[in-house]
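J.: Residue numbers (the working numbering), protein chains in the order written: chain A, 735 to 1194; chain B, 17 to 775.
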């Protein structure tokens, strides 16, 4: 059974299929048609709903794409949809602002935008233009050009008072391990037991990639084990210049940490997915799905990060760069999961840059993702590590290129010198996003930028 | 008009409160009748070839499947081509694009239907598909014959020109990406008829085609469209096939059937904006003033004619844009490729024709060394005596004024010198600037479509219900028509309710397209409201023994010398006196004509105009562009609703910006669409909006006799985004010698190519 809070009441559901999406559940089982299907792939935000989570400071809301979120992930959360904000015919202040600012045209994307605005204003007092833009970056509107929507959020922010109201009810809901198709174990020990009792399971660690198999390829996933509630997979720890990231850390949590500690990574994270995706997607999921265009791997490869794998029987570690064994393939064995990733934080005299090139800045797949960790002594390159995404079937370390460049004087790192080397050592593909030629050019030009202009952002 | 008239006010969208609270119902949200079935479409896996065998046994035995439908099951009409035949509802033998509909299946749940649709086993005899304009030209494969506009003696004048150049431009297509995909719900009614709820810009055509595929008269079919979650042209002809399949399955099973296309299916199965290739030879003087042009506009129409004849015509009609071409030959080609049949999309060919013309302006500027704005000013239509290549007179005075005003308010000259200085520093980021005009012809170029009807009821409590021919896709048509009715009757707009658009209320309607919605329906609504108002006037005049001209309708009251009455009381009194309180209104656009054989006429009632000044920044390392600032001055005549019109302008501009920058359609060598979802096809997100954007309305009355002297505003603003492409070209030109070879869309890779940094 799962329990969640909706409109001031606890709702209980006992037999939801594991691969039923939250969108299908809301539209078909609850007849809540305020939640729209625009793409069923997490790319448009028309299905955005808010989930409230009980934390130290009361209920904290975050936005998710209902289309790629398993319905059972509702457990222990408060659900807020656009239909829930109005009281009878009395509109919520955000909704009123959308009306007065003419922020809806066809109206189909509007409920999703209203929820993204709701989550923003529940979390941020007096948001800046930039914060508003970030909050709605995962919502597509084909009608307005966005200006009136931005104006509506500004207007609503002027007089906004927060609205969290379900803390008492949420505290009544106990963590639940399992019961039906989607299990949500809360510890590694519980996970070990669940794995034993669940033949033919699939692990879901956020599901922003995995659920596409359900919604796009119509593959049934009758047994899912969700990793989102496992205590040992959460958290970020720093010890003696080394940081350890739990595999269950979401992009949003990583972003909060990186904003303080590793700004090039933070800049990248702003350009991975959207709030809705970053709230669900995890470090472990991004690595475990072994997507050739996953954006964290190049960064971790450049940082020479180590990945720690856990199974009920044993734990082991390896370098992230050795973890990817082929297209969509990893070193993970059966019954093994990613526990954490750790790396040495770049030091004051290190250059560390991350560049993502894509057709659209927000919520787009990388044409090229390039991370560089370099160090100069007396104008000579004494260490260099380059992680690349979008340049091969897996994320790679540009090892031979690095070897070739090592110990060179900065004067030997011009574009004319570098470009032929990049071409000689890397063999990217032509695909729908760009040609190999373009990727090689960008790769070389960005490398020159990093190594010559020393644009790296040092660690604070 | 009284001071309280809602016309000209920024009234909120009539559905805004429903939109924001998620209570607005779209087709997929309608409460379903008991036992409703769900349909899905089985698609071809080759782009071209013969379908030899189609084995549906696995489909039919899949869980939940109730029935299937293949070509052989179609009872009557099998071709749903809107103007010309060529669009088989289901493939008979000839597969013409990758993903074409082979069969339909109905099952108890949507998932069951979609899963079953994957189980069809087709055998093909494949042939080599033609996948681009070059291949179609080599094969001389056309969906419609060539058409040509000729003015003067272009070849002779070209030969006399001091300066000449040749140019060409590749332009990509564009997916509509309306947030609500195609959807239809068909409910069987009596005598074999069907009630169809659909998301369509053209309910009457859906009604006609549903009737024809069922072999029934039109009066047995009713089609209702309350609202669409976006249309943009993509639901003008493209909604009908799904309505037809749902209706056929509903009649076959006796149950309601819903057919909603999931996004990937929608994108692979419905037409898009036409990719174009333009070539031109232009002769001009040292000032860049054009003397003669020969232009060829090649449209990639996809596999069938659909609306391509009119679309390529409109591209040809807009190659001149705002410029006087003393001698011109403009040739339009409709090439057939084995891709989905391209269709209407906001601007309807106009954007492609206009972009080609504006690219030519940029190129003339590069060739003469003059500022592109000066070349544009030199070529504008003169105040008097100018004619288009199709021989319609044009007066250029107003647009010249708009350009010069924008030149001042945008500080164009000052910023030009700043940008030149910035680019001279040779840094990572280049800047570019462009100020471009739009002149867009308003009217359907198919004359008979320029008509509309309205059915207006006043109920005994004084509340008013308006049924009209036009459909609501977010553009605010219902709101504007409601404002007009309220204004004529002198009542509060809150008392006017807009009914869904239904074919049993207003028959034989035109599509809501060509920016014509408010022009046509607004006039028809006004005529209906005037008719009812005069009946009420007549009733009061008789009752009070006064002249009808002494009676006024305002502030929800009727008043006359010595008395007044609330509108509701008046209506009830009229009802008791047996006054008919229901009327129809009709309107047809006067004066327009076009003789296609002579390629001569006045196809447009008037022109809508706008100017935009855009500044961009271009990254020489990645090719990524950013729009730093756009200023727009747009002519919507006397705006019926400034907030709605500004919404159309901003939305159209950003949509055009997407077409010209991030939105790139890619097909595999097998003809499969690769960019078939928003994961790979990138429409503008909030960050693509210009960092600074200002929009001003001209607010001058239309010189043509339109509804309250307003101008159509749906399509024209899309072409303001040509300023973005020209500004990118301008940035590139600052560091490239000779002509700039920049394709559209100017993706990061296209920019790097145009900069000559890769081959």
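In this text, a Cβ means the ideal position worked out from N, Cα and C, and glycines have one as well.
Predicted model, so just to flag it, every value in this text is computed and none were measured.
Which same chain residues, not among the five before or five after residue 524(B), have their C-beta less than 7 Å away from its C-beta?
T.: Start at 1 with the first residue of the second chain, and residue 524(B) comes out as number 508. For residue 524(B), where only same-chain residues beyond five positions count, the Cβ hits under 7 Å are 220.
J.: Looking only at its chain, what residues have a beta carbon closer than 6 Å to the beta carbon of residue 18(B), apart from the 5 residues adjacent to it on each side?
T.: By 1-based counting over the second chain, the position of residue 18(B) is 2. Low confidence applies here, because residue 18(B) scores a pLDDT of 43, under 50, leaving its location unreliable and the question unanswered by this model.
J.: Shortest alpha-carbon distance to residue 208(B) belongs to which of 181(B), 199(B), 236(B)?
T.: Taking the second chain and counting its residues from 1, the one referred to as residue 208(B) is at position 192. Closest option to residue 208(B), Cα to Cα, is 236(B).
J.: Are the C-beta atoms of residue 1093(A) and some chain B residue less than 8 Å apart?
T.: In the first chain, counting from the first residue as 1, residue 1093(A) sits at position 359. Judged by the 8 Å Cβ criterion, residue 1093(A) is in contact with chain B.
J.: Within 10 angstroms of its Cβ, does residue 395(B) collect 16 or more other Cβ (buried), or is it exposed?
T.: Taking the first residue of the second chain as 1, we reach residue 395(B) at position 379. Flag for residue 395(B) reads buried.
J.: Using a Cβ cut-off of 8 Å (strictly closer), state whether residue 825(A) contacts chain B.
T.: Walking along the first chain from the start, residue 825(A) turns up at place 91. It does: the Cβ of residue 825(A) has a partner Cβ on chain B nearer than 8 Å.
J.: What residues from chain B crowd round residue 1172(A), counting only those whose CB sits closer than 7 Å?
T.: One-based indexing of the first chain puts residue 1172(A) at position 438. Here the neighbours are 765, 768, 774.
J.: Against chain B, which members of the stretch 835-860 of chain A pass a CB distance test of less than 7 Å?
T.: 836, 838, 839, 840, 841, 842, 843, 844, 845, 848
J.: Could you please give me the residues that DSSP links to residue 214(B) through a beta bridge?
T.: As a working note, residue 214(B) is residue 198 in the second chain. 200(B), per the DSSP bridge assignment.
J.: What does residue 878(A) touch in chain B if you count any residue whose Cβ is under 7 Å from its own?
T.: As a working note, residue 878(A) is residue 144 in the first chain. Per Cβ cutoff of 7 Å: 663, 666, 667.
J.: Three or more beta-carbon pairs under 8 Å between the stretch 406-425 of chain B and the stretch 370-385 of chain B, yes or no?
T.: no
J.: Taking the CB atoms as reference points, tell me whether residue 803(B) and residue 678(B) lie closer together than 8 Å.
T.: For chain B, the structure presents residues 17 to 775; residue 803(B) sits outside this window and is missing.
J.: Closer than 7 Å, Cβ to any Cβ of chain A: which residues of the stretch 182-196 of chain B, in chain order?
T.: 193, 194, 195, 196
J.: In chain order, what residues of the stretch 684-717 of chain B put their CB closer than 7 Å to some CB of chain A?
T.: Answer in chain order: 690, 691, 693, 694, 695, 696, 698, 699, 701, 702, 703, 704, 705, 709.
J.: Using the C-alpha atoms, what's the distance from residue 831(A) back to residue 1190(A)?
T.: Position 456 of the first chain, counted from the first residue, corresponds to residue 1190(A). Position 97 of the first chain, counted from the first residue, corresponds to residue 831(A). Residue placement at residue 1190(A) is flagged as unreliable, the pLDDT there being 48, under the threshold of 50; the coordinate-derived value follows with that caveat. Roughly 42 Å separates the two Cα atoms.
J.: Please return the same chain residues whose Cβ sits closer than 8 Å to the Cβ of residue 577(B), not counting the five positions on each side in sequence.
T.: Counted from its first residue, the second chain places residue 577(B) at position 561. Taken in chain order, the residues that qualify are 562, 566.
J.: Helix, strand or coil: which one does DSSP assign to residue 460(B)?
T.: The count along the second chain starts at 1 and reaches residue 460(B) at position 444. Reduced to three states, the DSSP call for residue 460(B) is coil.
J.: How is the alpha helix (DSSP H) around residue 1095(A) delimited, first residue to last?
T.: Residue mapping note: residue 1095(A) aligns to position 361 of the first chain, counting from 1. No alpha helix (DSSP H) holds residue 1095(A); DSSP gives it neither H nor E.
J.: List, from N- to C-terminal side, the beta strand (DSSP E) runs of 3 residues or more that fit wholly inside the stretch 419-495 of chain B.
T.: 445-458, 467-474, 480-484
J.: Counting only runs of 3+ residues fully inside the stretch 1011-1045 of chain A, write out the beta strand (DSSP E) ranges in chain order.
T.: 1040-1044
J.: Can you tell me whether residue 190(B) is buried or exposed? The criterion is at least 16 other CB atoms within 10 Å of its CB, across all chains shown.
T.: The count along the second chain starts at 1 and reaches residue 190(B) at position 174. Result: buried.
J.: Quick check on the DSSP output: what are the complete beta strand (DSSP E) runs of length 3 or more inside the stretch 641-697 of chain B, in order along the chain?
T.: For the stretch 641-697 of chain B, the full-length beta strand (DSSP E) segments reaching 3 residues or more read 641-651 along the chain.
J.: Under three-state DSSP, which class holds residue 238(B)?
T.: For the purposes of this step, residue 238(B) is taken as the residue at position 222 of the second chain. Shown here, residue 238(B) sits in a strand according to DSSP, grouped into three states.
J.: At a Cβ cut of 8 Å, what residues of the stretch 488-510 of chain B count as close to chain D, listed as they run along the chain?
T.: In summary, chain D is missing from the structure at hand, where the protein chains are A and B.
J.: Measuring straight from C-alpha to C-alpha, what distance separates residue 741(B) and residue 747(A)?
T.: Taking the second chain and counting its residues from 1, one reaches residue 741(B) at position 725. Taking the first chain and counting its residues from 1, one reaches residue 747(A) at position 13. Near 53 Å, if we compare the C-alpha coordinates of residue 747(A) and residue 741(B).
J.: Starting from residue 773(A) and walking both ways along the alpha helix (DSSP H), at which residues does that stretch end?
T.: The residue given as residue 773(A) occupies position 39 in the first chain. It is not in any alpha helix (DSSP H) - residue 773(A) carries neither H nor E in the DSSP assignment.
J.: If the cut is a Cβ gap below 8 Å, which residues of chain A does residue 787(B) touch?
T.: No answer is possible for residue 787(B): it lies beyond the span of chain B, which begins at 17 and ends at 775.
J.: Are residue 1040(A) and residue 1076(A) touching if we call contact CB-CB under 8 Å?
T.: In the first chain, counting from the first residue as 1, residue 1040(A) sits at position 306. In the first chain, counting from the first residue as 1, residue 1076(A) sits at position 342. Contact flag set, yes.
J.: At what residues does the alpha helix (DSSP H) containing residue 997(A) begin and finish?
T.: For the purposes of this step, residue 997(A) is taken as the residue at position 263 of the first chain. From DSSP, the alpha helix (DSSP H) with residue 997(A) extends over 997-1004.
J.: Counting only Cβ pairs nearer than 9 Å, list the residues of chain B close to residue 833(A).
T.: The residue given as residue 833(A) occupies position 99 in the first chain. Going along chain B in sequence order, the residues near residue 833(A) (Cβ under 9 Å) are 28, 29, 32, 33, 35, 36.
J.: With a threshold of 16 other CB atoms inside 10 Å of the CB of residue 104(B), please say whether the residue is buried or exposed.
T.: As a position in the second chain, residue 104(B) is number 88, starting the count at 1. By the Cβ-count criterion, residue 104(B) is buried, with 16 or more other Cβ atoms from all chains shown falling within 10 Å of its own Cβ.
J.: Just the chain B side, please: which residues come within less than 7 Å of residue 870(A) by C-beta, in chain order?
T.: Translated into the one-based positions of the first chain, residue 870(A) becomes position 136. Ordered by position in chain B, the residues that pass the 7 Å Cβ test against residue 870(A) are 702.
J.: Inspect the CB distances between the stretch 831-844 of chain A and the stretch 986-1002 of chain A and report whether three or more fall short of 8 Å.
T.: no
J.: Out of 1172(A), 1111(A), 1185(A), 1137(A), state which residue places its alpha-carbon closest to the alpha-carbon of residue 763(B).
T.: Along the second chain, one-based indexing puts residue 763(B) at 747. The shortest C-alpha separation from residue 763(B) is found at 1172(A).
J.: Is there at least one Cβ from chain A nearer than 8 Å to residue 255(B)'s Cβ?
T.: Against the second chain, residue 255(B) aligns to sequence position 239. Judged by the 8 Å Cβ criterion, residue 255(B) is not in contact with chain A.
J.: Helix, strand or coil, according to DSSP, for residue 860(B) in the structure here?
T.: Nothing about residue 860(B) can be reported from this structure: the residues present for chain B run from 17 to 775 only.
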